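Trainee: Could you have a look at this structure, given as structure tokens, before my questions?
Dropping the structure here:
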């Protein structure tokens, strides 16, 4: 490998290859790769039986169900509303459009703990929204539904920001072609526009899901954090840590990381799909 | 200053760009490197400039072996195909760049740099445009600025990569004349890359015809036309 | 972005779509913002001022700024080095390197904190070694910095790699042929070319560094006035049912988010071309 790098670097007359790549690899290893490998190694220090006992305990399984289920549901909700927001942003002009567009990124910028307490204040039985929903038999705060609400908040920008540019690229000629072929607006949307933006929508979905599955700050305030009911996997990791069960915490973290890596793979495949569509 | 190239080879991810090329360019000569795309002419020019390193062979300027010297220390002027002007600097700052990056000891003083910039702007017939930014200039003007910038440190060797490639025919003719005049006036040794044989033949003292990383013929234009040395030369010229 | 008239939806459909999008944004994004502010000032401006200026809050603000002031420059240097190596040179394994650099984005914040506990915690790999030498990393400033560096790791690099790849090497080569040294080329040519992209990356990196909750929560130990950053201080106050104070500190973080969004939008609006690539 070093000889390959040395030879290839001669393609560039610019200096600093060794220094910049050295800094990159050192920092990447020290901050990301070595620490992450610690999780895998630690999770099996007590053997595979202990690993499965910790990663596959009923309480852990319940937390995965809630974490991944809520993340899927929230991403699905955002697919509908994120597409709606992207559509309005791309296609229509209206006053304060730039402000509206900037606001979409709020969940990226707002610290998650702030989002958590704000949503809790709104959806608690005494809150502005909870006051309306609770009498209808739809309590949100301190229930699994609260987790979904928090993840919907967190995930919105992922869908909007991935769909927006692709939607803007859908050529009006293509839509006009569909119209001249006798398709209605509705048919044009379903048969022409939606298939065109589908790879982007799927990418946004995967990004929102991945972010939602790992989310902690905005969730723990609004979820009840009851074991087996409203306890998310990241919280369970912290609980194990507080009980000094490092191997148990690492085992659950390993499951979370495995899902993250799987999502990265899916995202790469989606990007492939999207690129092939565009060219 | 004369340029001596001996047995230079260069491979790019497994395909040979140059295959043992040798070339002797005399002091004060104006030489064109001519050939189809992929013939290795730009690679050869970049090796002379120090922007690429050859795997074999050597490059000498006069008696000085520069094969291992960096582009910064070779004392050449290089004009890029797409100008490569620094967009965040004014025309004057672009032209002065080479002077302002000199070590403090040998760097000219501010007033001197200013005088030199004015002088260079006059040389390329753009007096008074020093305060503009590159984006405010036409293509031909940008190329003139690029030329002035390359000449700021008084190079003895001027290298140009497809210098007129992106310009329309009229501007191209004007610039050719200007370049030839400057070449004579500053007593430069100039090498330029082109794929246009008419351009090579009207402008250069001698033309090096390249094909697949080799030199097919290196001679004055009249001689190439009168006695093409290979089938490739014959077909390329027709 | 005017769509041709044949491609417009009927006015009623358009009005409905826009109304739905506005309602969704208002419900999901504006309402939480309003909730933070109204809760923060529920007991009046005096109570707010008292809450944000009491010693523990001041210590939290100081610590947050300190952690960001260490983490952001480190990741900025790394990001520039990584982008320089990846964009200006040819070498094998680039795609893998980029994937590794972006990895922290897909790791749960809790796991991002956990890795440091597994390495440097009392029962971690280097735990005993550190205790013997009386060096504290976890539950102290170094742990907070490491966790923050991990979660903000990709921000600057991710912004610069595509930008510098699109810009190519021509400007740097021109500077070299004009006699500039490597550093002169970097300072006078590369840096001005990437300044807005760099600023953008640093802005996002800083917002995340100051607002991070999950990762620092794991390594902080929640010692009031000592290892609580602002988001952690919000949590502590909230769990003590001191809602006015919790929302008061949260309102400062909200302000940070809004300023970040405003600057980000301004950069996108004014320097869109310079952020993506020059034409």
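Protein chains in written order, with our numbering: chain F, 2 to 280; chain D, 5 to 242; chain P, 275 to 553. Here a beta-carbon is modelled for each residue, glycine too, at the ideal position from N, C-alpha and C. Just so you know, these numbers come straight off a predicted model, no measurement behind them.
Which parts of the stretch 314-375 of chain P are runs of the alpha helix (DSSP H), unbroken and 4 residues or longer, counting only runs that do not cross its ends?
Mentor: Taking only runs of at least 4 residues, the alpha helix (DSSP H) segments lying wholly in the stretch 314-375 of chain P are 318-327 and 329-362.
Trainee: Taking the straight line between their C-alpha atoms, what separation do you get for residue 76 of chain D and residue 92 of chain F?
Mentor: Translated into the one-based positions of the second chain, residue 76 of chain D becomes position 72. Translated into the one-based positions of the first chain, residue 92 of chain F becomes position 91. Distance between the alpha carbons of residue 76 of chain D and residue 92 of chain F: 51 Å.
Trainee: Determine which residues of the stretch 385-399 of chain P have a Cβ less than 9 Å from any Cβ of chain F, and write them out in chain order.
Mentor: Answer in chain order: 385, 386, 387, 388, 389, 390, 391, 392, 393, 395, 396, 397, 398 and 399.
Trainee: Does the stretch 94-108 of chain F touch the stretch 533-552 of chain P, meaning 3 or more C-beta pairs lie closer than 8 Å?
Mentor: These segments touch.
Trainee: Quick check on residue 226 of chain F: does DSSP put it in helix, strand or coil?
Mentor: As a first step, residue 226 of chain F is located in the first chain; it is residue number 225 there, counting from the start. In the structure shown, residue 226 of chain F sits in coil (DSSP, three-state: anything other than H, G, I, E or B).
Trainee: By the three-class DSSP mapping on this structure, what secondary structure does residue 14 of chain D have?
Mentor: Position 10 of the second chain holds residue 14 of chain D. Strand at residue 14 of chain D.
Trainee: Let me check one thing: in DSSP terms, what residues is residue 62 of chain D bridge-paired to?
Mentor: Start at 1 with the first residue of the second chain, and residue 62 of chain D comes out as number 58. For residue 62 of chain D, which the question treats as bridged, DSSP gives the partners D:10.
Trainee: Of all the residues that make up the stretch 503-530 of chain P, which are near chain D by a beta-carbon distance shorter than 9 Å?
Mentor: Flagged: no residues at all.
Trainee: Output needed for residue 102 of chain F: all residues of its chain with C-beta closer than 7 Å, excluding positions within five of it in sequence on either side, in chain order.
Mentor: As a position in the first chain, residue 102 of chain F is number 101, starting the count at 1. Hits under 7 Å: 90.
Trainee: Under the rule that 16 or more other beta-carbon atoms within 10 Å means buried, what is residue 228 of chain D, buried or exposed?
Mentor: Here residue 228 of chain D refers to the residue found at position 224 of the second chain. It is buried - the Cβ of residue 228 of chain D has at least 16 other Cβ atoms within 10 Å.
Trainee: So which residues on chain P does residue 62 of chain F lean against when the C-beta distance must stay under 7 Å?
Mentor: On the first chain, position 61 is the one that residue 62 of chain F refers to. Here the premise fails: no neighbours, minimum Cβ distance about 17 Å.
Trainee: Within 10 Å of its beta-carbon, does residue 192 of chain F have 16 or more other beta-carbons around it, so buried, or fewer, so exposed?
Mentor: If you number the first chain from 1, residue 192 of chain F lands on position 191. It is exposed - the Cβ of residue 192 of chain F has fewer than 16 other Cβ atoms within 10 Å.
Trainee: In this structure, how does DSSP classify residue 20 of chain D when only helix, strand and coil are distinguished?
Mentor: Within the second chain, numbered from 1, the residue matching residue 20 of chain D stands at position 16. DSSP places residue 20 of chain D in strand when its eight states are reduced to three.
Trainee: In the DSSP assignment, what residue or residues form a beta bridge with residue 4 of chain D?
Mentor: Because residue 4 of chain D is not part of the residues shown, which for chain D are 5 to 242, the question remains open.
Trainee: Which word fits residue 42 of chain F, buried or exposed, when buried means at least 16 other C-beta atoms lie within 10 angstroms of its C-beta?
Mentor: Here the question's residue 42 of chain F lines up with position 41 in the first chain. By the 10 Å Cβ count, residue 42 of chain F comes out exposed.
Trainee: If residue 511 of chain P sits next to residue 523 of chain P, beta carbons under 8 Å apart, how far is it from one beta carbon to the other, in whole angstroms?
Mentor: On the third chain, residue 511 of chain P is found 237 positions in, with the first residue counted as 1. On the third chain, residue 523 of chain P is found 249 positions in, with the first residue counted as 1. Rounded, the Cβ-Cβ distance is 7 Å, consistent with contact.
Trainee: Are the stretch 144-162 of chain D and the stretch 89-102 of chain D touching by the rule of at least three beta carbon pairs closer than 8 Å?
Mentor: Short answer: they touch.
Trainee: Verify the CB distance criterion: does residue 240 of chain D have a CB-CB separation below 8 Å to chain P?
Mentor: Against the second chain, residue 240 of chain D aligns to sequence position 236. No, because no Cβ of chain P sits closer than 8 Å to the Cβ of residue 240 of chain D.
Trainee: Quick one: Cα of residue 24 of chain F to Cα of residue 430 of chain P, how far?
Mentor: As a first step, residue 24 of chain F is located in the first chain; it is residue number 23 there, counting from the start. As a first step, residue 430 of chain P is located in the third chain; it is residue number 156 there, counting from the start. Each residue's alpha carbon lies about 14 Å from the other.
Trainee: Could you tell me which chain P residues have their CB closer than 7 Å to the CB of residue 18 of chain F, listed as they occur along the chain?
Mentor: For this step, residue 18 of chain F is matched to residue 17 along the first chain. Going along chain P in sequence order, the residues near residue 18 of chain F (Cβ under 7 Å) are 359 and 363.
Trainee: Once the 5 residues before and after residue 248 of chain F are set aside, which same chain residues still bring their CB inside 7 Å of it?
Mentor: Mapped onto the first chain, residue 248 of chain F falls at position 247. Same-chain partners within the cutoff: 43, 44, 46, 47, 51 and 55.
Trainee: Indicate whether at least one CB of chain F lies closer than 8 Å to the CB of residue 439 of chain P.
Mentor: Locating residue 439 of chain P in the third chain gives position 165, counting from the first residue. So, not an interface residue.
Trainee: Just verifying my parser: in three-state terms, what is the DSSP assignment at residue 239 of chain D?
Mentor: The sequence position of residue 239 of chain D within the second chain is 235, counting from 1. The answer is helix: DSSP assigns residue 239 of chain D an H, G or I state.
Trainee: Rounded to whole angstroms, what's the CA-CA distance from residue 354 of chain P to residue 32 of chain D? Just pull it up for me.
Mentor: As a working note, residue 354 of chain P is residue 80 in the third chain. As a working note, residue 32 of chain D is residue 28 in the second chain. Looking at the two C-alpha atoms, the distance is approximately 43 Å.
Trainee: Considering residue 429 of chain P, what are the terminal residues of the alpha helix (DSSP H) in which it resides?
Mentor: Indexing the third chain from 1 puts residue 429 of chain P at position 155. Start and end: 429-441.
Trainee: Residue 14 of chain F CB to nearest chain D CB: under 8 Å?
Mentor: What you label residue 14 of chain F is simply residue 13 of the first chain in a count that begins at 1. At least one chain D Cβ lies under 8 Å of residue 14 of chain F.
Trainee: Using a Cβ-Cβ cut-off of 7 Å (strictly less than) and excluding sequence neighbours within five positions of residue 82 of chain D, which residues of its own chain qualify?
Mentor: Numbered from 1 along the second chain, position 78 holds the residue referred to as residue 82 of chain D. Only 53, 154 and 163 meet the Cβ criterion.
Trainee: Just to confirm the assignment, what range does the alpha helix (DSSP H) spanning residue 123 of chain F have?
Mentor: If you number the first chain from 1, residue 123 of chain F lands on position 122. Segment 113-124, the alpha helix (DSSP H) holding residue 123 of chain F.
Trainee: Please list the partners that residue 495 of chain P has in chain F, where partner means a Cβ-to-Cβ separation under 7 Å.
Mentor: Position 221 of the third chain, counted from the start, is the residue given in the question as residue 495 of chain P. In chain order: nothing, as chain F lies at least about 10 Å away.
Trainee: Check the Cβ-Cβ distances between residue 70 of chain D and every residue of chain P, and say whether any is below 8 Å.
Mentor: For this step, residue 70 of chain D is matched to residue 66 along the second chain. Output row for residue 70 of chain D: interface = no.
Trainee: Starting from residue 194 of chain D, follow its DSSP beta bridges and name the residues at the other end.
Mentor: Residue 194 of chain D sits at position 190 when you count from the first residue of the second chain. Beta-bridge pairing links residue 194 of chain D to D:34 and D:162.
Trainee: For the stretch 450-483 of chain P, enumerate the residues whose C-beta is nearer than 9 Å to any C-beta of chain D, in chain order.
Mentor: Hits within the stretch, in order: 450, 451, 452, 453, 454, 455, 456, 458, 459, 462, 463, 466, 467 and 469.
Trainee: Counting contacts by CB-CB distance shorter than 8 Å, is residue 217 of chain D in contact with chain F?
Mentor: Walking along the second chain from the start, residue 217 of chain D turns up at place 213. Residue 217 of chain D does not count as touching chain F.
Trainee: Which same chain residues end up closer than 7 Å to residue 467 of chain P when comparing Cβ atoms and leaving out the 5 residues on each side of it in sequence?
Mentor: Locating residue 467 of chain P in the third chain gives position 193, counting from the first residue. Here the set comprises 441 and 445.
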